[in-house]
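Input: a single structure, listed below in structure tokens.
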């Protein structure tokens, strides 16, 4: 039996030797052709990627050409709306989004106010305050002259309702619509024709009103000399035919008289020592990105990214010149960027978070790790939606604590 077992073991060893030898021989003779095929595939992939990129660029060019042709046709026919009532012009030639159903969506604004109140309670316990800012809607009957029968998107009622609940719960707020009304500046100084965003001038006026409000209502004692609120201490520039907003990029610039717009910038004449996204230096070295004003195609441009290089999930600005200044947590959207830059001289640190990323967990964590003087909330009216009010959505305010709501008459 032992002899039989030994013979079987020898057979197994011989089989393994032959098997692995065969694999080695096979690999030797097939490796070179396989490597050649892989190199060929790499070359093919590179060529295909270049072709895809070329085709995409051609498609985008054709798409933009098609948009402009369609816009020219509509303009020649005297139409005021385009793309099946996606956008329409007002009587001054400004683009606005519109919707066929006339009414825009409404949400539970009382609940939003309760969430802000809970936030107010949390930061109040650490010596901080909350201020909500009402960003103006581009369409507003106070300054917009629309055509009858066109259902322009008007979110002013939504903002009115949220501010109503803010008053009821004693939440401090500034309504920048009133700022623009009181300023009596021309409509063409408030907003861009082809985009939703307010101008640098409108934003600077809002900055002045914000400081006035904080001084009068919160005893903040900011900018006592008025230096930072004096437009003479800033350089106002207009970059001619430089801007094409998102509305016109989707619907065509040919519907707008004059086509491209002038882009306005307001930059401090005074020096700054700012740290932002790994860079330290003056305003133009950090938070004012002049590279955004240069582009190869206006359809791919991001000129509004001049302020803070556009918007990201989170951004932190440190003002090294004012270490004893305000510490702010700013819940924002893209429209807030110029306002944030204007506010820098008064602050030591500004932590910015894009509202749709201001989750419940994030806000609670950052408030636990930092002590802020203020939490600012500034959203465009179109962003007064649940996605931007995720914080404290499962918490309910204790109306009877230190953050107890003030009477509505007190706010008036």
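Residue numbers (UniProt numbering): 1 to 412.
Positions of the beta carbon are idealized from the N, C-alpha and C atoms, including for glycine.
Which of helix, strand or coil DSSP assigns to residue i
i, result
"residue 176", "helix"
"residue 320", "coil"
"residue 391", "coil"
"residue 262", "strand"
"residue 361", "helix"
"residue 198", "strand"
"residue 206", "helix"
"residue 98", "strand"
"residue 384", "coil"
"residue 87", "strand"
"residue 416", "An answer regarding residue 416 cannot be provided, because it is not within the stretch 1 to 412 covered by the chain."
"residue 82", "strand"
"residue 378", "strand"
"residue 57", "Because residue 57 sits at a pLDDT of 41, beneath the cut-off of 50, its placement in the model cannot be relied upon, and the following sentence gives the value as read from the coordinates. Residue 57 falls in the helix class under three-state DSSP."
"residue 166", "helix"
Cα-Cα separation between residue i and residue j, rounded to whole angstroms
i, j, result
"residue 296", "residue 257", "23 Å"
"residue 415", "residue 337", "Outside the shown range of the chain, which is 1 to 412, sits residue 415, and nothing can be said about it."
"residue 293", "residue 249", "17 Å"
"residue 119", "residue 263", "37 Å"
"residue 413", "residue 330", "What is shown of the chain runs 1 to 412, which leaves residue 413 out entirely."
"residue 393", "residue 358", "11 Å"
"residue 164", "residue 170", "10 Å"
"residue 341", "residue 287", "7 Å"
"residue 251", "residue 83", "7 Å"
"residue 217", "residue 361", "31 Å"
"residue 229", "residue 206", "10 Å"
"residue 89", "residue 354", "30 Å"
"residue 416", "residue 100", "Outside the shown range of the chain (1 to 412) lies residue 416, about which nothing can therefore be said."
"residue 140", "residue 388", "23 Å"
"residue 363", "residue 391", "7 Å"
"residue 157", "residue 318", "37 Å"
"residue 382", "residue 155", "7 Å"
"residue 142", "residue 270", "36 Å"
"residue 69", "residue 153", "25 Å"
"residue 124", "residue 246", "39 Å"
"residue 350", "residue 78", "48 Å"
"residue 55", "residue 127", "Bear in mind that the predicted position of residue 55 carries a pLDDT of just 46, short of 50, making it too unreliable to give a figure here."
"residue 177", "residue 268", "25 Å"
"residue 105", "residue 151", "13 Å"
"residue 413", "residue 322", "As displayed, the chain neither begins before 1 nor continues past 412, which places residue 413 out of reach and without an answer."
"residue 304", "residue 98", "23 Å"
"residue 397", "residue 316", "29 Å"
6 Å Cβ shell around residue i - same chain, five flanking residues per side excluded
i, result
"residue 335", "135, 197 and 380"
"residue 147", "80"
"residue 236", "266"
"residue 191", "138 and 198"
"residue 201", "189"
"residue 110", "165"
"residue 129", "374"
"residue 301", "295"
"residue 133", "174 and 378"
"residue 333", "355, 379, 380 and 383"
"residue 208", "229"
Nearest-angstrom beta carbon gap, residue j and residue i [assumed within contact, 8 Å]
i, j, result
"residue 260", "residue 244", "6 Å"
"residue 204", "residue 231", "7 Å"
"residue 314", "residue 253", "Rounded, the Cβ-Cβ distance is 34 Å, inconsistent with contact."
"residue 328", "residue 274", "Their Cβ separation, rounded to whole angstroms, is 14 Å, which puts residue 328 and residue 274 out of contact at 8 Å."
"residue 174", "residue 227", "Not a contact, Cβ separation roughly 21 Å."
"residue 309", "residue 324", "So it is not a contact: roughly 27 Å between Cβ atoms."
"residue 131", "residue 172", "5 Å"
"residue 95", "residue 87", "5 Å"
Cut-off 8 Å between Cβ atoms - residues of its own chain near residue i, not counting five sequence neighbours on either side
i, result
"residue 188", "92"
"residue 320", "273, 274, 275 and 280"
"residue 51", "Its pLDDT being 48, under 50, residue 51 is placed unreliably by the model, and the measurement read from it follows with that caveat. Once the five neighbours on either side are set aside, residue 51 has no close Cβ partner at all."
"residue 145", "90, 91 and 92"
"residue 290", "284 and 306"
"residue 384", "107, 109, 112, 155, 158, 159 and 162"
"residue 233", "227, 268, 269 and 270"
"residue 371", "126, 127, 128 and 327"
Residues of its chain near residue i, where Cβ-Cβ distance is below 7 Å and the 5 sequence neighbours each way are ignored
i, result
"residue 395", "118"
"residue 240", "262"
"residue 115", "389, 391, 392 and 393"
"residue 285", "279"
"residue 438", "Outside the displayed span of the chain (1 to 412) sits residue 438, for which this structure offers no information."
"residue 149", "none"
"residue 183", "205"
"residue 179", "205, 206 and 209"
"residue 326", "346, 347, 348, 373 and 374"
Problem - Length at least 3, wholly inside the segment 229-256: the beta strand (DSSP E) runs in chain order - result: If you keep only unbroken beta strand (DSSP E) runs of at least 3 residues inside the segment 229-256, you get 234-243.
Handout entry: Runs of alpha helix (DSSP H) lying entirely within the segment 268-356, each at least 4 residues, in chain order
Key = Runs found: 337-343.
Exercise for the section: Return the chain-ordered ranges of every alpha helix (DSSP H) run that is complete within the segment 106-135 and spans a minimum of 4 residues. Expected result: Segments of the alpha helix (DSSP H) lying fully in the segment 106-135: 109-124.
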